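Taking mature numbering (1 follows the signal peptide of the UniProt record, and there is no 0), I'd label the letters of the sequence shown as residues -27 to -1, 1 to 497.
The C-beta atom is built at its ideal place from N, Cα and C for all residues, glycine as well.
Everything numeric in this text was worked out from a predicted model, so none of it was measured.
To start, the structure under review is shown below, and the notes come after it.
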Amino acid sequence: MRILIRPVSRHAHLAALLVVAAALAVADHATREISYDEAYSWRLTRYGLGEMAARTGCDVHPPLYYVQLKGWVAAFGDSLFSMRALSILWAIVGMLGAYHLATYALGPVRDEKSAGLWAAALMGLNPALVVLGATARMYAPSVALAVWSTYVLLRMLEGTRSLWLWSFAYALMITCLCYHHYYGFFTVASHGLAVAAWCGSKGIGWLERRRVLVAVGLAWSLFFFAYLPWVPTHLEQTRQVKEFFWINKYGVWMRLPKMVGAFYTLRAIPPVRIGAGLALLAMIIAGLAVGTMRRDLLRVRLLFVSLLGAVLLPPIFSSAFNIGMVHERGLLISLALSAPAIVALFFSVLPKPATRMVLGFLAFNHAAILGGAWLEVHPPGVSTFAKRLRENRMSGSLVLVNTAYTYFPISHALRSDDCQLRLIPGQPRPEGAICVTGGQDFWDESVESPASIWYLHDTAFTASSFTAPGSWRQVGVAEFYHDEETPLQGAKASGFHAIRYDTMREAESSPLDRAPPQPIGVKR
């Protein structure tokens, strides 16, 4: 009796990759506390839609992610895992987009079934994208929309059937992309470069060219009118960035090489940045591919034009107009196309064994440096501090915070506890962050305080200038810290000190009290 064993389909392989990527994102979630930016997102969801949009206008981001998160939180709760699950879902959507984009780009070249799987694998294993896929911010949705909008554009440039339906889909995607993150504009601009390259290609009839250009023009027109209501707010945000924010402009050659290297290697094999070398090699081969006039490489060529445009336009724009840009995490949106583009390029110009060897090494390089390579700058120990307060039955305490960077995370951690949480007036804090606070968030010294008071001093961002009233007696200090260095920002996120005061003559001891201070926080 013969037993027939059917080969595993590529769809099963793809499903397995998606499950692994989701598991990696969940595992990364388990190692990280809530960051300041994530807590900021959560705080905005507590307002109505109109007020939320108004407060968002005081910051540096468009509103669509916050609106989306508000609906998600209403349905699934505001726990940290629940909020991050939305980004994990978007990360999986982005992997599906990379799969289809690489497969479609290689369509006329060879019938290579595994190319899309390689693209999805590189995207799912990239440490930067793993962390972004488990972060309650707009980066995972933006990456997914950048990939899918590029795929839809390539379909449109082929003069596909139902061209007008694809045109409306493309308009919707790029509108959502730019309402998620302003780096989406560079992706749309890179699409313009791809359309220009397509117009210069040989073998395209005049009628076909006109039909496609009308469809693309219609999509861009719809996008323009859909974004028009937000333009005044966008311009005001740009003014605020130039006048108040810490975000600096960067030149073409200042951060771009560092970013490309970090995207592929992070803390890989020092001092030889093999991943960065591979990225550079891919760019060189891309130049050769773009220069060729082979008709069957047109899709690959257009994909690489989109990638190079999305990566190079941000620093050029920032330098030319002297405008501060959202830095490394924004540029990751531009690099989102790198996985499908590199896979498509290697499969189209290299022999299959060489392609698998290079991509396999790149995937191994990603996998080898997973786990803690990307860190958000945030005060660690926030959840630990909140947990200790509950354990020691000190939920009625007054908690004073010296900066919004600590205020928002601790606010989320103590959201269900009976604690008074207040910002100290006059302390340094980000201009944009203060837009989500109200008058009730600030401490008034004249108001009667409870017996137990905690002052949380964030050591990563501000120097302490807090002077306790003379009637307060310091009874203990705890430290929450970690020693990790953030690889891209180069700053020590050292955590915060929790200083306990008591307004009564005799204070009960607490396991949180330490004299002299002892580190009891978390380390990664």
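Asked, Found
"Measure the alpha-carbon distance for Arg388 versus Leu79 and round it to whole angstroms.", "51 Å"
"Where does Asp1 fall in DSSP's three states?", "helix"
"Can you grab the Cα-Cα spacing for the pair Gly30 / Asn375, in whole Å?", "24 Å"
"Across which residues does DSSP place Ile147 in a beta bridge pair?", "Beta-bridge pairing links Ile147 to no other residue."
"Please classify Arg184: does DSSP put it in a helix, a strand, or coil?", "helix"
"Considering just the uninterrupted stretch of the beta strand (DSSP E) at Tyr474, what are its terminal residues?", "Phe469 to Asp475"
"Do Leu(-11) and residue 552 come within 7 Å of each other at the CB atom, strictly closer than that value?", "In the structure displayed, the chain extends from -27 to 497; residue 552 sits before or after that span and is not available."
"Taking 8 Å as the cut-off, does the segment 6 to 15 touch the segment 173 to 181 (at least 3 CB pairs, one atom from each stretch)?", "no"
"What three-state label does DSSP hand residue 501 in the structure shown?", "The question about residue 501 has no answer, for the chain in this structure spans -27 to 497."
"Run through DSSP, which three-state label would Glu209 get?", "helix"
"Label Pro35 either buried or exposed according to how many other C-beta atoms from any shown protein chain fall within 10 Å of its C-beta, with 16 as the threshold for buried.", "buried"
"If we ignore side chains and look at the alpha-carbon of each, how far apart do Ala(-5) and Leu275 end up?", "33 Å"
"Measure the C-alpha to C-alpha separation of Val204 and Ser370 and round it to an integer number of angstroms.", "44 Å"
"Report the three-state DSSP secondary structure of Trp445 (helix, strand or coil).", "coil"
"Does Ser425 come out as helix, strand or coil in the three-state DSSP assignment?", "strand"
"Cβ atoms of Ala107 and Ile61: under 7 Å apart, would you say?", "yes"
"What residue does the alpha helix (DSSP H) around Gln41 start on, and which one ends it?", "Leu37 to Phe49"
"Mapping the DSSP letters down to three states, classify Asp390 as helix, strand or coil.", "coil"
"Does Arg(-18) come out as helix, strand or coil in the three-state DSSP assignment?", "helix"
"Excluding five sequence neighbours on each side, which residues of the same chain lie with their C-beta closer than 8 Å to the C-beta of Thr440?", "none"
"Quick one: grab the DSSP three-state call for Phe290.", "helix"
"Count the other CB atoms, across all protein chains shown, that sit within 10 Å of the CB of Lys43; report buried if there are 16 or more and exposed otherwise.", "buried"
"If distances are taken between C-alpha atoms only, which option among Gln413, Arg446 and Val420 comes closest to residue 530?", "Nothing in the structure corresponds to residue 530, since the chain is present only between -27 and 497."
"For Arg(-18) and Leu323, what's the separation of their Cα atoms in angstroms?", "22 Å"
"Beta-carbon within less than 8 Å of Thr133's beta-carbon, same chain only, minus the 5 sequence neighbours each way: which residues are those?", "Trp139"
"Determine the closest residue to Ala317 out of Ser291, Leu271, Gly303 and Ala471, with distance taken between C-alpha atoms.", "Leu271"
"Within its chain, find whatever has a CB closer than 6 Å to the CB of Ala71; leave out the 5 residues flanking it on each side and keep chain order.", "Ala92, Ala93, Met96, Val120, Ala312 and Pro313"
"Just how far apart, CA to CA, sit Ala88 and Ile306?", "22 Å"
"Exposed or buried, which one is Gly333 when buried takes at least 16 other CB atoms within 10 Å?", "exposed"
"Within 8 Å, do at least three Cβ pairs link the segment 140 to 158 to the segment 185 to 202?", "yes"
"Compare the beta carbon distance of Ala162 and Leu286 with 7 Å and say whether it is the shorter of the two.", "yes"
"Please state whether the Cβ-Cβ distance between Met129 and Tyr38 is less than 7 Å.", "no"
"What number of angstroms, rounded off, separates the C-alpha of Ala109 from the C-alpha of Leu335?", "27 Å"
"Is the beta carbon of Ser419 less than 7 Å from the beta carbon of Thr476?", "no"
"Looking at the unbroken beta strand (DSSP E) that takes in Val372, where does it start and where does it end?", "Leu371 to Val374"
"Would Cys172 be called buried (16 or more neighbouring beta carbons within 10 Å of its own) or exposed?", "exposed"
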